[in-house]
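**Student:** Sequence positions in the sequence shown follow the working numbering and run 234 to 522. Cβ coordinates follow ideal geometry from the N, Cα and C atoms, glycine included. Treat the numbers as computed from the prediction; the structure is a model and nothing was measured.
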Amino acid sequence: MTDTSQQIVEIVYNEFSKLIENIEGDFKINYVKKRYNFLLSQLDKNITANMVFVSSFESKSGFAIEACAKKIARLKFGEANVPQIVNPRNVKHNIDPLKVNGQIIVTDIDTDNGNLRGEISTFRANRVASGKGKLRSESKVTQESIKQLLPLAQKYRTPGHYHTKPVDLAFFDGKDWVVLELKAGGDLDSSNAPSNVEKLLTIYTGMNVSNSRAYFATLYNKNGEGNTWTGAVKKHMAFPEMFLIGAKFWDTILPEGITYKKFTRLYKKALKELDLNKRINQMIIKATE
Numbered sequence: 234m235t236d237t238s239q240q241i242v243e244i245v246y247n248e249f250s251k252l253i254e255n256i257e258g259d260f261k262i263n264y265v266k267k268r269y270n271f272l273l274s275q276l277d278k279n280i281t282a283n284m285v286f287v288s289s290f291e292s293k294s295g296f297a298i299e300a301c302a303k304k305i306a307r308l309k310f311g312e313a314n315v316p317q318i319v320n321p322r323n324v325k326h327n328i329d330p331l332k333v334n335g336q337i338i339v340t341d342i343d344t345d346n347g348n349l350r351g352e353i354s355t356f357r358a359n360r361v362a363s364g365k366g367k368l369r370s371e372s373k374v375t376q377e378s379i380k381q382l383l384p385l386a387q388k389y390r391t392p393g394h395y396h397t398k399p400v401d402l403a404f405f406d407g408k409d410w411v412v413l414e415l416k417a418g419g420d421l422d423s424s425n426a427p428s429n430v431e432k433l434l435t436i437y438t439g440m441n442v443s444n445s446r447a448y449f450a451t452l453y454n455k456n457g458e459g460n461t462w463t464g465a466v467k468k469h470m471a472f473p474e475m476f477l478i479g480a481k482f483w484d485t486i487l488p489e490g491i492t493y494k495k496f497t498r499l500y501k502k503a504l505k506e507l508d509l510n511k512r513i514n515q516m517i518i519k520a521t522e
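(1) Spatial neighbours of residue 301 within its chain, please: CB distance less than 7 Å, with the 5 preceding and 5 following residues excluded, ordered by chain position.
(2) Which value, in whole angstroms, describes the spacing of the CA atoms of residue 393 and residue 328?
(3) So, with DSSP's three-state summary, where would you put residue 390?
(4) Pull up the CB-CB distance for residue 416 and residue 451, whole angstroms please, since I reckon it's below 8 Å.
(5) Between the beta-carbon of residue 395 and the beta-carbon of residue 339, is there less than 8 Å?
(6) Express the C-alpha separation of residue 366 and residue 299 in angstroms, rounding to a whole number.
(7) Please tell me whether residue 420 and residue 457 are closer than 8 Å, where the distance is taken between their beta carbons.
(8) To the nearest angstrom, how far is it from the Cα of residue 303 to the Cα of residue 402?
(9) Could you tell me which residues DSSP puts in a beta bridge with residue 445?
(10) Quick check: residue 512 and residue 253, are their CB atoms within less than 8 Å of each other?
(11) Start and end of the alpha helix (DSSP H) containing residue 399?
(12) Suppose contacts are defined by Cβ-Cβ distances below 8 Å. Is residue 376 in contact with residue 475 by that definition?
(13) Considering Cα atoms alone, identify which of 434, 459, 439 is closest to residue 449.
(14) Excluding the 5 residues preceding and the 5 following residue 431 in the sequence, name in chain order all residues of the same chain whose CB lies nearer than 8 Å to its CB.
(15) Keeping to the same chain, check which residues put their C-beta closer than 6 Å to that of residue 502; ignore five residues upstream and five downstream.
(16) In terms of residues, what are the limits of the beta strand (DSSP E) holding residue 476?
(17) Taking the beta carbon of residue 265 as the centre, do at least 16 other beta carbons fall within 10 Å, making it buried, or is it exposed?
(18) Between residue 445 and residue 412, is the Cβ-Cβ spacing less than 8 Å?
(19) Going along the chain, which residues of its own chain have a beta-carbon closer than 7 Å to the beta-carbon of residue 330, five neighbours each way excluded?
(20) Taking 8 Å as the threshold (C-beta atoms), are residue 486 and residue 306 in contact?
(21) Enumerate in chain order the residues of its own chain whose CB-to-CB distance from residue 322 is below 7 Å, with the five nearest sequence positions on each side excluded.
(22) Less than 7 Å between C-beta atoms, sequence neighbours within five positions excluded: which residues of the same chain meet that for residue 294?
(23) I believe residue 399 touches residue 337 by the beta-carbon criterion, under 8 Å. Please report the beta-carbon distance rounded to the nearest angstrom.
(24) Could you tell me which residues DSSP puts in a beta bridge with residue 450?
(25) Does the distance from the CB of residue 383 to the CB of residue 438 come in under 8 Å?
(26) Use the C-beta contact count for residue 388: other C-beta atoms within 10 angstroms, 16 or more gives buried, fewer gives exposed.
(27) Note the first and the last residue of the continuous beta strand (DSSP E) segment covering residue 285.
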């Protein structure tokens, strides 16, 4: 195994080790709460316990894999290009990076301003996809069109004051700053897809640099790798230009020589070393005794 491969295994192992310890810490409590649910009262206790684990794992694993993605991106782009505090315009601030969870952008654009939010919402709404089949017109929210948001941002500058915004993943690829809204499979419904797109566009606007790109990304293709991804977000951003789905996302951040297929093998190796299945079974046995 190469040094890079071993580093990836260690990243996944460490982050998911923390995740499992977190789940183990409150598993018994969560299991008991489910037992109070009369809708589940007729189910075998082991089935309920498995449901509790899957629910906890799905809800919490997103943070673990985001942390993995950030650290893996640093293997490719370097520590300085995947910073805790993303501040491409060197806005003055007094934030301690050691106290930052995940990543944040620092900007002198008031990204919480209601009028700015309204203008971003209007920008998205005026460019939604329409029609079906051969008559379909894709969303006009493209890498080129979103540059129109940057002059707009100047109206909401607050010189001498800074604002922060959390971002799922941001990095400098040597040419452009890239910001991502990162989801597991991206299976959002039609009611919250617009807000997720507007959140990403707000982050992009706050970055306020011309050499930047924004993407909606997913950890896996919920329709199966190699198949066309479907999702409500496609109505609000041009597909595939504004998307990094599954393998395409990982291939963007994985170091040279590590393919998506190889990464999935390394992920499985790390979880095997973690003895995940044994620890799950032990949790269930202890909770159902």
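**Tutor:** According to the data block:
(1) 244, 245, 248
(2) 15 Å
(3) strand
(4) 5 Å
(5) yes
(6) 35 Å
(7) no
(8) 7 Å
(9) 410
(10) yes
(11) Not the alpha helix (DSSP H): residue 399 falls in the beta strand (DSSP E), residues 396-400.
(12) yes
(13) 434
(14) 350, 353, 354, 357
(15) 242
(16) 476-478
(17) exposed
(18) yes
(19) 317, 318
(20) yes
(21) 441, 442
(22) 252
(23) 5 Å
(24) 415, 477
(25) yes
(26) exposed
(27) It is not in any beta strand (DSSP E) - residue 285 instead sits in the alpha helix (DSSP H) that spans 278-310.
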